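Engineer: Residue numbers (my numbering): 2 to 283.
Provided herewith is a single structure, encoded as structure tokens, for subsequent inquiry.
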Ligand code: SAM
């Protein structure tokens, strides 16, 4: 949430789908409208609380009338109001129209998107960043952001035309990690220039990779892990920009791994030296 001083928000009860505020919120389903407004919708109490705890700016909190009287919901509403967000208490019908059909949630929040500028990426030590070439599938992107967070990566770079990390489905698939992982976007040309100035290994995962992904030393310098597109793999230009093409050996009939799985396998190997086990493995 923004630390700048804002006037307290207002509480409104809305029962009509024709209400213009509700119409605007429903438009956030569309990427074009998310791009224009720089806003997005997060569904569910856990996600909304995760976002607020991570200091993301909330514009509007929406909850179902059934949430009235719930200590948790009312405490959340008071917190949002104090930070200048409006609070909408809506009928089931209105909530059902805003929420995704498969799993309607009682609480939703409209948040401001947050992007990291390329110039703000300053790799050092054994940092790991992940670059995704034209990732298409929202579920893959959400899973990769969640996995990047779990592996201790520093952030995710979206290269070229990609699916939107702020689509409701993707936000949900991140399980809250979208609020912890810096996200950056670049054209392919800008990314190639960026990769050329990377101070460590630029490791591209590639089915034609000549090196077993378990062989390189990932501990000494920052690693930029580059993943190809789901259908086409990475472009030849991106492959050329990598300093190492690595391959995950496979058995069986599958000709490749799913993108999110391949990212997880490579990433946890790259981060192996940095991840400590905190259980009892005696
Ligand atoms: N037909 C595509 C191709 O030729 O690359 C398959 C793309 S695969 C579904 C998506 C991405 O996951 C690949 O571009 C690569 O980055 C990564 N990947 C999948 N399996 C891999 C493997 N066995 N070794 C290295 N990278 C792999």
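Backbone N, C-alpha and C fix where the C-beta goes; we use that ideal spot for every residue, glycine too.
All values derive from a computational prediction rather than experimental measurement.
Within 10 angstroms of its Cβ, does residue 270 collect 16 or more other Cβ (buried), or is it exposed?
Structural biologist: buried
Engineer: With the cut-off set at 9 Å, would you say residue 62 and residue 89 are in Cβ contact?
Structural biologist: yes
Engineer: Just to confirm, is the Cβ distance from residue 227 to residue 196 under 9 Å?
Structural biologist: yes
Engineer: What is the DSSP secondary structure of residue 209, counted as helix, strand or coil?
Structural biologist: coil
Engineer: Determine the burial state of residue 180: buried for a count of at least 16 other Cβ atoms within 10 Å of its Cβ, exposed for fewer.
Structural biologist: buried
Engineer: Is residue 265 closer than 9 Å to residue 100 when the C-beta atoms are compared?
Structural biologist: no
Engineer: So for residue 129, helix, strand or coil by DSSP?
Structural biologist: strand
Engineer: Going by CA-CA distance only, name the one from 214, 39, 254 and 275 that's closest to residue 246.
Structural biologist: 214
Engineer: If you scan the region 37-70 from start to end, which runs of the beta strand (DSSP E) of 3 or more residues do you find wholly inside it?
Structural biologist: 40-44 and 59-65
Engineer: Candidates 280, 84, 145 and 80: which alpha carbon is nearest residue 173's?
Structural biologist: 145
Engineer: Using DSSP with H/G/I as helix, E/B as strand and the rest coil, what is residue 254?
Structural biologist: coil
Engineer: Can you name the start and end residues of the beta strand (DSSP E) that residue 249 belongs to?
Structural biologist: Careful: residue 249 lies outside any beta strand (DSSP E) and carries neither H nor E.
Engineer: Can you give the Cα-Cα distance for residue 3 and residue 126, rounded to whole angstroms?
Structural biologist: Summary for residue 3: the model assigns pLDDT 44, below 50, so the residue's position carries little reliability, and this model does not support an answer.
Engineer: Tell me whether residue 192 is buried or exposed, calling it buried when 16 or more other Cβ atoms sit within 10 Å of its Cβ.
Structural biologist: buried
Engineer: What residue range is occupied by the uninterrupted alpha helix (DSSP H) comprising residue 15?
Structural biologist: It is not in any alpha helix (DSSP H) - residue 15 instead sits in the beta strand (DSSP E) that spans 12-15.
Engineer: If you count every other CB in all the chains shown that lies within 10 Å of the CB of residue 253, and 16 or more means buried, which is it?
Structural biologist: exposed
Engineer: With respect to the beta strand (DSSP E) encompassing residue 173, which residues constitute its N-terminal and C-terminal limits?
Structural biologist: Looking at the DSSP string, residue 173 is not in any beta strand (DSSP E); the run it does join, the alpha helix (DSSP H), is 169-174.
Engineer: Using the three-state DSSP reduction, which class does residue 136 fall into: helix, strand or coil?
Structural biologist: coil
Engineer: Any idea which residues DSSP pairs residue 185 with across the strands?
Structural biologist: 158
Engineer: Note down the Cα distance separating residue 256 from residue 238, rounded to an integer number of angstroms.
Structural biologist: Rounded to whole angstroms, the gap between the alpha carbons of residue 256 and residue 238 is 22 Å.
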